[in-house]
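Protein chains: 2
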Amino acid sequence: MDWLDKVKWDANGLVPVIAQERDSGDVLMFAWMNREALAATHASGRAVYWSRSRARLWHKGEESGHVQQVHEIRLDCDKDVVLLKVTQLGHDPSVACHTGRHSCFYRQLGRDGEWHSVEPVLVDPESIYKK
Amino acid sequence: MDWLDKVKWDANGLVPVIAQERDSGDVLMFAWMNREALAATHASGRAVYWSRSRARLWHKGEESGHVQQVHEIRLDCDKDVVLLKVTQLGHDPSVACHTGRHSCFYRQLGRDGEWHSVEPVLVDPESIYKK
Numbered sequence: 022m023d024w025l026d027k028v029k030w031d032a033n034g035l036v037p038v039i040a041q042e043r044d045s046g047d048v049l050m051f052a053w054m055n056r057e058a059l060a061a062t063h064a065s066g067r068a069v070y071w072s073r074s075r076a077r078l079w080h081k082g083e084e085s086g087h088v089q090q091v092h093e094i095r096l097d098c099d100k101d102v103v104l105l106k107v108t109q110l111g112h113d114p115s116v117a118c119h120t121g122r123h124s125c126f127y128r129q130l131g132r133d134g135e136w137h138s139v140e141p142v143l144v145d146p147e148s149i150y151k152k
Numbered sequence: 022m023d024w025l026d027k028v029k030w031d032a033n034g035l036v037p038v039i040a041q042e043r044d045s046g047d048v049l050m051f052a053w054m055n056r057e058a059l060a061a062t063h064a065s066g067r068a069v070y071w072s073r074s075r076a077r078l079w080h081k082g083e084e085s086g087h088v089q090q091v092h093e094i095r096l097d098c099d100k101d102v103v104l105l106k107v108t109q110l111g112h113d114p115s116v117a118c119h120t121g122r123h124s125c126f127y128r129q130l131g132r133d134g135e136w137h138s139v140e141p142v143l144v145d146p147e148s149i150y151k152k
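Protein chains in written order, with my numbering: chain A, 22 to 152; chain B, 22 to 152.
(1) Could you say which of A:His92, A:Pro37 and A:Asp23 lies nearest to A:Trp71 if we only look at CA atoms?
(2) With a threshold of 16 other CB atoms inside 10 Å of the CB of B:Ser115, please say whether the residue is buried or exposed.
(3) What are the residues that DSSP puts in a beta bridge with B:Asn55?
(4) Do you know whose CA, among B:Leu130, B:Gln129, B:Gln109 and B:Arg132, lies nearest B:Gly121's CA?
(5) Using DSSP with H/G/I as helix, E/B as strand and the rest coil, what is B:Glu147?
(6) Measuring straight from C-alpha to C-alpha, what distance separates A:Gly82 and A:His119?
(7) Measure the alpha-carbon distance for B:Arg43 versus B:Val103 and round it to whole angstroms.
(8) Could you compute how far the alpha carbon of A:Ser45 sits from the alpha carbon of A:Pro141?
(9) Grouping DSSP H, G and I as helix and E and B as strand, with all else coil, what is B:Thr108?
(10) Go to A:Trp24, then tell me how far its alpha helix (DSSP H) extends in each direction, as first and last residue.
(11) Kindly identify the DSSP beta-bridge partner or partners of A:Leu49.
(12) Under the rule that 16 or more other beta-carbon atoms within 10 Å means buried, what is B:Asp97, buried or exposed?
(13) Check each residue of the segment 48-61 of chain A: if its Cβ is closer than 8 angstroms to any Cβ of chain B, include it; give the result in chain order.
(14) Are A:Arg56 and A:Gln90 closer than 8 angstroms when you measure CB to CB?
(15) Thinking C-beta only, is B:Ile39 closer than 8 angstroms to B:His63?
(16) A:Val28 and A:Lys106: beta carbons closer than 8 angstroms?
(17) When the Cα atoms are used, what is the spatial distance from A:Gly86 to A:Ser74?
(18) Going by beta carbon distance, what residues of the same chain come within less than 6 angstroms of B:Trp79, once the five residues before and after it are set aside?
(19) CA-CA distance, A:Val139 and A:Met22?
(20) Here's the rule I'm using: 16 or more other beta-carbon atoms within 10 Å means buried, otherwise exposed. How should B:Ala52 be labelled?
(21) Using DSSP bridges, identify the partner residues of B:Glu93.
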């Protein structure tokens, strides 16, 4: 498909992807996609990433149930980064992170020069992956 | 500095960075930092990236005047992605992209299977780099 050819895939055939919650504007997570993952995301309307650690397609929510409904697919000026605008399904309030938090970006650098967890755990992460 | 050691730098000593506008929630751009860039960002309160194409530190706004004031530095669950919450200075309405647009993510995949520019050019990009 022509639109997939316009993406500048890196040397590994991947592109970085930012998932942003449409309604809140919160940045939920960051992951990677290959061509097949981006095509599947577009075709299904659900976020499908490429898991670098498992070296396979990762249908977000396949284990946790925390599926992402995709409203918009954006591409940046250099055509090498994708931004998804999503609704994070599966829990209310929404949980995108495997730690059971709303967002993966829960560590904040404090004035004391330390990283602090500033977002609560909403779901016991043990329970997420027993579903 | 200890907090810099907690970041998981990639094989090239870099970490991906998302810049989000604090007040609007808009994702403005995506770039990379090395250790020196992240330390300089923290110390100065202004975004300093690592330019992979120029292989040097890139003080955002050094040519364009479109400096980013950094309010928060966040780190994700895997400690390998940074999120900045910024105020984009230098133009009103704010311009983060070298194309003269508000955000770098101005291309949207349409129902017709084509990428469309959906954000206006706010500043002539020619003029940005003549300052």
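Idealized CB from N, CA, C, for every residue including glycine. Predicted model only: the values in this text are computed from it and were never measured.
Checking against the coordinates, here is how it stands:
(1) A:Pro37
(2) buried
(3) B:Leu35
(4) B:Gln109
(5) helix
(6) 10 angstroms
(7) 15 angstroms
(8) 17 angstroms
(9) strand
(10) Asp23 to Asp26
(11) Answer is none; A:Leu49 lacks a bridge partner.
(12) buried
(13) Val48, Met50 and Phe51
(14) no
(15) no
(16) no
(17) 20 angstroms
(18) Tyr70 and Ser72
(19) 42 angstroms
(20) buried
(21) B:Lys106
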